[in-house]
Structure formats: C-alpha cells, structure tokens
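Written out below as structure tokens is the structure these notes cover.
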Amino acid sequence: MKTLFCLTVFLILFSCAGRKNLHPYTHAALRNGCPKNASCNLQLFANKAMVVKKDEWGNNSYSLEDRLGKNVLLYTYTRIVKGNVQDGGYREEIVFEIDADKEVKPLTDAALQNTQMLFGRFCFCKGQTGFYKVTKGNLTTSDTQDSFVRLDFSVTEVPQVTTHIAFDLK
Numbered sequence: 000m001k002t003l004f005c006l007t008v009f010l011i012l013f014s015c016a017g018r019k020n021l022h023p024y025t026h027a028a029l030r031n032g033c034p035k036n037a038s039c040n041l042q043l044f045a046n047k048a049m050v051v052k053k054d055e056w057g058n059n060s061y062s063l064e065d066r067l068g069k070n071v072l073l074y075t076y077t078r079i080v081k082g083n084v085q086d087g088g089y090r091e092e093i094v095f096e097i098d099a100d101k102e103v104k105p106l107t108d109a110a111l112q113n114t115q116m117l118f119g120r121f122c123f124c125k126g127q128t129g130f131y132k133v134t135k136g137n138l139t140t141s142d143t144q145d146s147f148v149r150l151d152f153s154v155t156e157v158p159q160v161t162t163h164i165a166f167d168l169k
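Start counting the sequence shown at 0; every next residue gets the next number (numbering that gives the first Met the number 0).
Have a look at this one:
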C-alpha cells in the first residue's frame with residue numbers, strides 16, 4: 000500500500016508539464032536584411048517602459064522610464080543620402096514594449112496596442128511626419144533556443160518603407 004501511494008504521488012508530480020524556465024531578455028538581433036542604400040538598427044532597452052503622450056494638436060510622442068520587468072525595442076531604418084542634399088534625410092522607427100521575463104505573445108491588429116506600438120516617420124514631408132499608433136498587423140513568435148519574433152504591420156496615415164521586422168530575443 001505504501002509503495003502504491005508513493006508511486007501515485009510520483010506520477011502526479013511528474014506527469015504535469017511544468018512552466019518553462021524563462022530568463023529575462025537582454026539582447027535583440029535582427030534577422031531580416033536591410034534594404035540597399037539604408038542602415039537598420041535594433042536596440043533593446045532593458046528595464047525600461049514606454050510612456051506614450053499626446054500633445055494639444057493630437058501628435059503622439061513617447062519617453063522611456065525605468066521599470067523592472069519591462070523592455071522596450073526600437074527598430075530604426077535610416078536612408079543613406081548621397082551628397083549634400085539638405086532635405087533628403089528619411090528615417091522610420093518602430094518602438095514597442097514587451098515583458099522582460101515572459102514569452103512574447105502573438106498579437107493581431109488592435110491588440111498590438113497592448114505593447115504601445117508606435118511607428119515614426121521623419122523626413123521633409125510636410126504633414127506626414129511624427130509617430131502613429133500601429134493598429135493593423137501581426138506580431139508572431141516561434142520558440143526555439145532563442146525567441147524568434149516577426150512583426151508585419153501597416154499604418155494608414157502615412158506611406159512607409161518598413162513593413163516587417165524579424166529578430167531574435169536572447
């Protein structure tokens with residue numbers, strides 16, 4: 000009887016799947032290439048959170064604040080301009096917030112705002128610069144040794160060059 004009890008307890012304890020032992024993400028590495036004549040960069044700001052603000056004209060902006068357990072990812076696409084073109088600069092940014100020690104959950108369309116995702120366009124493009132909330136797209140993940148994350152998105156307010164980003168979180 001004692002053996003049967005021990006065997007039952009053993010089976011109960013080891014038959015349930017345990018939660019993954021997740022470690023905080025501290026590094027992000029781009030997987031997709033950058034278009035010709037441009038430079039692309041991905042930064043992970045550990046233990047930071049986004050504070051999204053809207054000014055009196057309805058324009059979005061953000062700042063970072065210290066917060067344990069949160070990370071902010073910032074992808075930057077910068078077009079390389081040849082020569083002395085004064086107003087030829089063009090830059091796009093995608094910035095969003097994730098939990099530092101949890102799996103990145105797949106999100107679609109309006110749910111992307113759970114990450115406070117913003118798309119920024121900066122150029123000499125009158126009326127078409129600034130940050131815009133991203134509410135159309137997919138954030139998908141694949142758990143391998145490192146967490147693979149892919150973001151496909153679009154904004155309706157302004158034209159964009161960047162429509163997808165693929166990267167690993169380590």
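Glycine residues also receive a C-beta, built at the ideal position from the N, C-alpha and C atoms.
Taking only three categories from DSSP, how would you classify residue 27? Assignment of residue 27 by DSSP, reduced to helix, strand and coil, places it in the strand class.
Residue 75: which of 153, 134, 125 and 42 sits nearest, CA to CA? With distances taken between Cα atoms, residue 75 lies closest to 42.
Nearest neighbour of residue 135, chosen from 122, 126 and 117 [CA to CA]: Relative to the Cα of residue 135, the nearest Cα in the group 122, 126 and 117 belongs to 117.
Would you kindly check if the distance between the Cβ of residue 126 and the Cβ of residue 59 is under 8 angstroms? 8 angstroms or more divides the Cβ of residue 59 from the Cβ of residue 126.
Can you give me the C-alpha to C-alpha distance between residue 65 and residue 48, rounded to a whole angstrom? Residue 65 and residue 48 have their C-alpha atoms spaced approximately 6 angstroms apart.
Residues bridged to residue 162 [DSSP beta-bridge criterion]: Answer is none; residue 162 lacks a bridge partner.
Selected residue, minimal CA-CA separation from residue 25, among 69, 31 and 50: Comparing alpha carbon positions, the residue from 69, 31 and 50 closest to residue 25 is 69.
State the Cα-Cα distance for the pair residue 19 and residue 102, rounded to the nearest angstrom. Residue placement at residue 19 is poorly supported in this model, since its pLDDT is 43, which falls under 50; the coordinates are not used for a value here.
Which same chain residues end up closer than 6 angstroms to residue 150 when comparing Cβ atoms and leaving out the 5 residues on each side of it in sequence? In its chain, beyond the 5 residues on either side, 138 and 164 have a beta carbon closer than 6 angstroms to the beta carbon of residue 150.
Below 8 angstroms on the Cβ atoms is my contact criterion, and I expect residue 123 with residue 86 to pass it. Report the Cβ-Cβ distance as a whole number of Å. Correct: roughly 4 angstroms between the Cβ atoms.
Whole-angstrom C-beta distance between residue 94 and residue 131, which should lie under 8 angstroms: That pair is no contact at about 11 angstroms.
Look at the Cβ atom of residue 73, then the Cβ atom of residue 92, and state whether they are nearer than 8 angstroms. Against a cut-off of 8 angstroms, the Cβ pair of residue 92 and residue 73 comes out as a contact.
Quick check on DSSP: helix, strand or coil for residue 54? Here residue 54 sits in coil by DSSP.
With burial defined as no fewer than 16 other Cβ atoms inside 10 Å of the residue's Cβ, what is the status of residue 99: buried or exposed? So residue 99 counts as buried.
In DSSP terms, what residue 123 is bridged to: Looking at the DSSP output, residue 123 bridges to nothing.
Spatial neighbours of residue 133 within its chain, please: CB distance less than 7 angstroms, with the 5 preceding and 5 following residues excluded, ordered by chain position. If we look at residue 133 and ignore the five residues flanking it on each side, its Cβ neighbours are 111, 116, 117, 118, 152 and 154.
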